[in-house]
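Residue numbers (full-length UniProt numbering): 1 to 260. From the three backbone atoms N, C-alpha and C, an ideal C-beta is built for every residue, glycine too. It should be emphasised that the depicted structure is a prediction, and the values quoted were computed from it without experimental measurement. Data first, discussion second: the structure below is written as structure tokens.
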């Protein structure tokens, strides 16, 4: 019988045999075989009996020359009009002496043209629809990639601004601390209470030191703000860069699918 959607083009029957020991010792096997097709119920009235089919190619016949070299022959049924109609076949074997043999039957199948063509047409239709989808996806991905690249450049520029402001605050803090040390050293040799009519330089320097410390504290707060902002923008840069790499991978995959 034919499997669903397939038809048999040829039938191959392989026969292997070897002689068996007897009362007179071992004798090489000698066998003959032929293939018959049994008539169907519709053909039974017209045909007298089974029809011989197939042939045995000479190059696929091997003699049994000793007990270690089995003989074999192959019957091929490859009709010019194919596929082979469903039906029953019979293998007839004969031997001149006792033998031990095995039979292997193979059929060569091909798929029916109509289901094959329909499946290919369906595949082509889906492929065409997918081609349009791929064009849209690739176009949208390209736009998203360009926008993400712009976003990445913007984040990098903002990171540079935050780093510049952080460095400015650090430099201003160093200058303020240096100014405080200088004023503190200058104040050490001055009297606590100046003479009458003199300017109280010590009090002036003390007030300036206090004001400079307040400025430095404000700069430290500002520096921490810029440092946190730089860290946030650095994290945003990593996220945007990961998104960009992911979209580039998606686009490469879509282009690869489109080229297949």
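Residue from the options whose Cα sits closest to the Cα of residue i
{"i": "residue 22", "options": "99, 48, 74", "result": "99"}
{"i": "residue 297", "options": "97, 249, 91, 41", "result": "The question about residue 297 has no answer, for the chain in this structure spans 1 to 260."}
{"i": "residue 153", "options": "216, 238, 208", "result": "238"}
{"i": "residue 61", "options": "15, 188, 89, 159", "result": "15"}
{"i": "residue 6", "options": "83, 40, 24", "result": "83"}
{"i": "residue 245", "options": "105, 45, 149, 85", "result": "149"}
{"i": "residue 206", "options": "52, 181, 221", "result": "181"}
{"i": "residue 145", "options": "247, 59, 252, 39", "result": "247"}
{"i": "residue 89", "options": "37, 250, 209, 228", "result": "37"}
{"i": "residue 219", "options": "172, 45, 73", "result": "172"}
{"i": "residue 251", "options": "140, 216, 104", "result": "140"}
{"i": "residue 79", "options": "160, 142, 52", "result": "52"}
{"i": "residue 204", "options": "118, 188, 217", "result": "188"}
{"i": "residue 103", "options": "125, 128, 17, 242", "result": "17"}
{"i": "residue 222", "options": "170, 202, 260", "result": "170"}
{"i": "residue 174", "options": "126, 217, 58", "result": "217"}
Beta-carbon proximity list for residue i, same chain, < 7 Å, skipping 5 on both sides
{"i": "residue 95", "result": "29, 30, 31"}
{"i": "residue 26", "result": "19, 67"}
{"i": "residue 40", "result": "87"}
{"i": "residue 240", "result": "148, 151, 152, 155"}
Counted within 10 angstroms of its Cβ, other Cβ atoms place residue i as buried (16 or more) or exposed
{"i": "residue 65", "result": "exposed"}
{"i": "residue 167", "result": "exposed"}
{"i": "residue 224", "result": "exposed"}
{"i": "residue 63", "result": "exposed"}
{"i": "residue 49", "result": "exposed"}
{"i": "residue 162", "result": "buried"}
{"i": "residue 176", "result": "buried"}
{"i": "residue 116", "result": "exposed"}
{"i": "residue 70", "result": "buried"}
{"i": "residue 121", "result": "exposed"}
{"i": "residue 286", "result": "This structure gives no information on residue 286, because the portion of the chain shown stretches from 1 to 260."}
beta-carbon residue i near the ligand GTP non-hydrogen atom, thresh 6 Å
{"i": "residue 68", "result": "The ligand content of the structure shown is nil, which means the ligand GTP is not present either."}
Neighbourhood of residue i by C-beta, 8 Å cutoff - its chain only, sequence neighbours within 5 removed
{"i": "residue 134", "result": "254, 257, 258"}
{"i": "residue 197", "result": "No answer about residue 197 holds up, because its pLDDT of 46 lies below 50 and its placement is not dependable."}
{"i": "residue 138", "result": "251, 254, 255, 258"}
{"i": "residue 186", "result": "205"}
Sequence-distant residues of the same chain with beta carbon closer than 6 Å to residue i, five excluded per side
{"i": "residue 179", "result": "212"}
{"i": "residue 75", "result": "13, 35, 54, 56"}
{"i": "residue 236", "result": "155"}
{"i": "residue 107", "result": "8, 11"}
{"i": "residue 226", "result": "162, 165, 166"}
Limits of the unbroken beta strand (DSSP E) element including residue i
{"i": "residue 8", "result": "6-19"}
{"i": "residue 90", "result": "89-95"}
Start-to-end residues for the alpha helix (DSSP H) that takes in residue i
{"i": "residue 217", "result": "201-259"}
Cβ of residue i within 7 Å of any chain B Cβ
{"i": "residue 59", "result": "No chain B appears in the structure shown, which is made up of a single protein chain."}
Uninterrupted beta strand (DSSP E) stretches inside the stretch 107-159 (no shorter than 3 residues) | none
Length at least 3, wholly inside the stretch 23-86: the beta strand (DSSP E) runs in chain order = 31-37, 51-53, 71-77
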